[in-house]
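Going by this note's numbering, the sequence shown opens with residue 4, and the numbers climb by one from there. Where is the CB? At the ideal position from N, CA and C, for every residue including glycine. Below is one structure, written out as C-alpha coordinates; comments come after it.
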Amino acid sequence: MSLIERHGSEHQKRVAAFMRGAGQAVPDCVTVPDVETRRLRARLILEEALETIEALGLTARVDHYDVTMNSVWCSRQSDPCLEAIADGCADLSVVLQGTLIACGVPDTPFIEEVDRSNLAKLAGGYKDEHGKWRKPASWTPPDITGVLARLQENDT
(Lines of atoms letter the chains of each structure in order from A and count residues from 1; the text may use other names and numbers.)
(Lines give C-alpha, C1' and ligand atoms only; values in the text may rest on other atoms or scores of the structure.)
Protein backbone atom coordinates (compact mmCIF):
# COMPACT_ATOMS: atom_id res chain seq x y z
CA MET A 1 0.00 0.00 0.00
CA SER A 2 1.43 3.40 -1.01
CA LEU A 3 1.99 6.37 1.30
CA ILE A 4 -0.86 8.18 -0.45
CA GLU A 5 -3.25 5.28 0.17
CA ARG A 6 -2.22 5.15 3.85
CA HIS A 7 -1.81 8.85 4.70
CA GLY A 8 -3.52 10.86 1.96
CA SER A 9 -6.87 12.61 2.22
CA GLU A 10 -9.93 11.21 0.46
CA HIS A 11 -9.62 14.09 -2.03
CA GLN A 12 -6.04 13.12 -2.80
CA LYS A 13 -7.04 9.48 -3.30
CA ARG A 14 -9.73 10.55 -5.83
CA VAL A 15 -7.20 12.69 -7.70
CA ALA A 16 -4.79 9.71 -7.76
CA ALA A 17 -7.56 7.55 -9.26
CA PHE A 18 -8.10 10.19 -11.96
CA MET A 19 -4.37 10.35 -12.68
CA ARG A 20 -4.14 6.56 -13.01
CA GLY A 21 -7.13 6.62 -15.37
CA ALA A 22 -5.47 9.38 -17.41
CA GLY A 23 -2.25 7.37 -17.71
CA GLN A 24 -0.23 9.59 -15.39
CA ALA A 25 2.37 8.15 -13.03
CA VAL A 26 1.31 7.58 -9.41
CA PRO A 27 4.46 6.36 -7.62
CA ASP A 28 4.30 4.11 -4.56
CA CYS A 29 7.06 5.98 -2.74
CA VAL A 30 8.39 9.52 -2.33
CA THR A 31 10.32 10.54 -5.43
CA VAL A 32 11.26 13.49 -7.62
CA PRO A 33 9.47 12.97 -10.95
CA ASP A 34 11.17 13.29 -14.32
CA VAL A 35 11.50 16.69 -15.97
CA GLU A 36 8.55 16.13 -18.34
CA THR A 37 6.25 15.43 -15.39
CA ARG A 38 7.60 18.46 -13.50
CA ARG A 39 6.98 20.68 -16.55
CA LEU A 40 3.43 19.36 -16.88
CA ARG A 41 2.71 20.00 -13.20
CA ALA A 42 4.17 23.53 -13.40
CA ARG A 43 2.10 24.38 -16.50
CA LEU A 44 -1.09 23.04 -14.91
CA ILE A 45 -0.53 25.01 -11.69
CA LEU A 46 0.19 28.23 -13.58
CA GLU A 47 -2.78 27.78 -15.92
CA GLU A 48 -5.24 27.23 -13.07
CA ALA A 49 -3.73 30.03 -10.96
CA LEU A 50 -4.07 32.50 -13.85
CA GLU A 51 -7.66 31.40 -14.52
CA THR A 52 -8.48 31.92 -10.83
CA ILE A 53 -6.88 35.38 -10.83
CA GLU A 54 -9.03 36.28 -13.85
CA ALA A 55 -12.12 34.94 -12.04
CA LEU A 56 -11.30 37.29 -9.18
CA GLY A 57 -11.67 40.12 -11.69
CA LEU A 58 -7.93 40.80 -11.86
CA THR A 59 -5.14 40.42 -14.32
CA ALA A 60 -1.60 39.44 -13.34
CA ARG A 61 1.32 41.37 -14.77
CA VAL A 62 5.02 40.51 -14.64
CA ASP A 63 7.79 43.11 -14.57
CA HIS A 64 10.42 40.90 -16.23
CA TYR A 65 10.87 37.41 -17.62
CA ASP A 66 11.63 35.47 -14.43
CA VAL A 67 8.43 35.37 -12.42
CA THR A 68 8.81 35.98 -8.70
CA MET A 69 6.37 37.23 -6.05
CA ASN A 70 8.04 40.65 -6.18
CA SER A 71 7.75 40.86 -9.98
CA VAL A 72 4.02 40.10 -10.18
CA TRP A 73 1.30 42.60 -9.48
CA CYS A 74 -2.42 42.41 -10.01
CA SER A 75 -4.66 45.12 -11.34
CA ARG A 76 -8.43 45.29 -11.73
CA GLN A 77 -9.58 43.83 -15.03
CA SER A 78 -13.29 43.03 -14.81
CA ASP A 79 -16.08 42.10 -12.45
CA PRO A 80 -15.36 39.01 -10.34
CA CYS A 81 -17.34 35.81 -10.96
CA LEU A 82 -18.01 33.72 -7.85
CA GLU A 83 -18.76 30.57 -9.89
CA ALA A 84 -15.44 30.87 -11.73
CA ILE A 85 -13.60 31.62 -8.47
CA ALA A 86 -14.98 28.41 -6.91
CA ASP A 87 -14.15 26.43 -10.07
CA GLY A 88 -10.63 27.87 -10.23
CA CYS A 89 -9.91 27.13 -6.58
CA ALA A 90 -11.21 23.57 -6.94
CA ASP A 91 -9.13 23.09 -10.10
CA LEU A 92 -6.07 24.46 -8.30
CA SER A 93 -6.66 21.97 -5.50
CA VAL A 94 -6.75 19.13 -8.03
CA VAL A 95 -3.55 20.16 -9.83
CA LEU A 96 -1.75 20.79 -6.54
CA GLN A 97 -2.81 17.38 -5.24
CA GLY A 98 -1.67 15.89 -8.55
CA THR A 99 1.74 17.43 -8.04
CA LEU A 100 2.06 15.89 -4.59
CA ILE A 101 0.87 12.58 -6.02
CA ALA A 102 3.43 12.74 -8.85
CA CYS A 103 6.04 13.01 -6.08
CA GLY A 104 4.50 10.13 -4.08
CA VAL A 105 3.77 12.53 -1.21
CA PRO A 106 0.59 12.16 0.90
CA ASP A 107 -1.08 15.46 1.72
CA THR A 108 -2.53 14.99 5.22
CA PRO A 109 0.67 14.96 7.34
CA PHE A 110 2.00 18.06 5.56
CA ILE A 111 -1.28 19.98 5.67
CA GLU A 112 -1.54 19.26 9.41
CA GLU A 113 2.01 20.51 9.99
CA VAL A 114 1.52 23.67 7.91
CA ASP A 115 -1.83 24.34 9.63
CA ARG A 116 -0.15 23.96 13.04
CA SER A 117 2.56 26.40 12.01
CA ASN A 118 0.11 28.90 10.51
CA LEU A 119 -2.09 28.90 13.61
CA ALA A 120 1.02 29.58 15.72
CA LYS A 121 1.43 32.85 13.77
CA LEU A 122 -1.70 34.22 15.45
CA ALA A 123 0.02 34.50 18.84
CA GLY A 124 1.93 37.76 18.50
CA GLY A 125 1.61 38.17 14.75
CA TYR A 126 0.11 41.16 12.92
CA LYS A 127 -1.56 42.18 9.67
CA ASP A 128 0.66 44.21 7.31
CA GLU A 129 -0.43 47.09 5.05
CA HIS A 130 -1.39 44.62 2.28
CA GLY A 131 -3.66 42.57 4.56
CA LYS A 132 -1.26 39.63 4.89
CA TRP A 133 -0.84 38.14 8.36
CA ARG A 134 2.81 38.29 9.42
CA LYS A 135 4.45 35.88 11.81
CA PRO A 136 5.79 36.90 15.22
CA ALA A 137 9.51 36.73 16.01
CA SER A 138 8.93 33.56 18.07
CA TRP A 139 7.34 31.68 15.14
CA THR A 140 9.02 28.58 13.74
CA PRO A 141 8.40 27.29 10.21
CA PRO A 142 6.63 24.00 9.57
CA ASP A 143 8.91 20.98 9.95
CA ILE A 144 8.45 19.67 6.41
CA THR A 145 11.80 17.86 6.51
CA GLY A 146 10.83 16.09 9.73
CA VAL A 147 7.43 15.04 8.39
CA LEU A 148 9.03 13.71 5.21
CA ALA A 149 11.69 11.82 7.18
CA ARG A 150 9.04 10.24 9.47
CA LEU A 151 6.99 9.13 6.46
CA GLN A 152 9.98 7.61 4.72
CA GLU A 153 11.13 5.96 7.95
CA ASN A 154 7.72 4.37 8.51
CA ASP A 155 7.53 3.26 4.87
CA THR A 156 10.51 0.91 5.15
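request  = Please classify K124: does DSSP put it in a helix, a strand, or coil?
outcome  = coil
request  = Pick out whichever of G101, V150, P36 has its Cα sitting closest to the Cα of G24.
outcome  = G101
message = Taking the alpha carbon of S96 as the reference point, which residue from A19, H133, V33 has its own alpha carbon closest?
response = A19
ask   = Are L53 and P83 closer than 8 Å when you measure CB to CB?
value = no
key: Boundaries (first-last residue) of the alpha helix (DSSP H) holding T148   = 147-158
key: 8 Å Cβ shell around A28 - same chain, five flanking residues per side excluded   = M22, P36, T40, A105
ask   = Looking only at C-alpha atoms, which of C77, L103, T55, S120 sits nearest to A89?
value = T55
message = Could you tell me the alpha carbon to alpha carbon distance between G128 and P139, rounded to whole angstroms?
response = 4 Å
inquiry  = Classify D131: buried if its beta carbon has 16 or more other beta carbons within 10 angstroms, exposed otherwise.
reply    = exposed
message = So if DSSP puts R64 in a beta bridge, which residue, or which two residues, is it bridged to?
response = W76
task = Measure the CB-CB distance between V150 and F113 and report whether it falls below 8 Å.
result = yes
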